[in-house]
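Peer 1:
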Amino acid sequence: MIYRKARMTDVEAIHGLINNYAEVGLMLARSRSSLYECLREYTVAEKDGAIIGVGGLHILWYDLAEIRALAIAPEYSKQGIGRQIVSLLEKEARDLGLPRLFALTYRQEFFVKCGFKEVDKKELPQKVWKECIDCPKFPHCEEQAVIKIL
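Quick note on numbering: the working numbering labels position 67 of the sequence shown as 113, and the sequence is numbered without any gaps.
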């Protein structure tokens, strides 16, 4: 298993992973153009030349970043791949000097196992008023906010 920063040639595989979960309502869809624009945010897990996991680190403010679009191919779930990607994104956030890391998720139990704690979305006004406001699910989002102090 190789963990590395995403490359242009990974976009189709990343798009497929994320949007397979989006089709069943477990995460927000991402367009190809948004993936290309934000490619430097993404870390992937590669096995035998195939992208089997992805996660992004999106900086919102001087003291806050989000783990977003964490997706693991279903046949590789529960093998520690998601946890390893989260760990790499946490290290990246620490290296950048970011003190707080959060996620909006339907799988808060996973993030709690990774050391995050559940919080009210109101504690993340930078996210809500910068990005959530444009989401088709706003204001009736059912995702749970989790945060970790680094």
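For each residue, glycine too, the CB sits at the ideal point set by N, CA and C.
Computed from a prediction, not measured in an experiment: that's the story for all the values here.
Can you find the residues in the same chain that come closer than 8 Å, C-beta to C-beta, to Trp175, ignoring five residues on each side of it along the sequence?
Peer 2: Any reading at Trp175 must be qualified, since the residue scores a pLDDT of 47, below 50, and its modelled position is unreliable; no value is offered.
Peer 1: Taking C-alpha atoms, which residue in Ala75, Leu147 and Lys159 lies nearest to Tyr65?
Peer 2: The sequence as given places Asn at residue 65; Tyr does not occur at that position. For Asn65, the nearest C-alpha among the options comes from Ala75.
Peer 1: Check whether the region 138-146 touches the region 107-115, taking contact to mean three or more Cβ pairs, one atom from each stretch, closer than 8 Å.
Peer 2: At 8 Å Cβ cutoff, the stretches touch.
Peer 1: Mark Asp56 as exposed unless 16 or more other C-beta atoms lie within 10 angstroms of its C-beta, in which case mark it buried.
Peer 2: Per the 10 Å Cβ criterion, buried.
Peer 1: Reducing DSSP to helix, strand and coil, say where Tyr152 ends up.
Peer 2: Tyr152: coil per DSSP, three-state reduction.
Peer 1: Which residues in the same chain have their Cβ closer than 7 Å to the Cβ of Cys160, if we skip the five residues on either side of it in sequence?
Peer 2: Answer for Cys160: Arg129 and Val132, listed in chain order.
Peer 1: Residues in its own chain within less than 7 Å of Leu170 by CB, not counting five upstream and five downstream?
Peer 2: Correct list, in chain order: Phe148 and Ala191.
Peer 1: I'd like to confirm the pairing. Which residues does DSSP put opposite Gly99 in its beta bridges?
Peer 2: DSSP lists Ala91 and Ile118 as partners of Gly99.
Peer 1: Do you know how far the Cα of Ala59 is from the Cα of Ile97?
Peer 2: Each residue's alpha carbon lies about 6 Å from the other.
Peer 1: Are the CB atoms of Gly102 and Glu83 nearer to each other than 7 Å?
Peer 2: Cβ atoms of Gly102 and Glu83: not closer than 7 Å.
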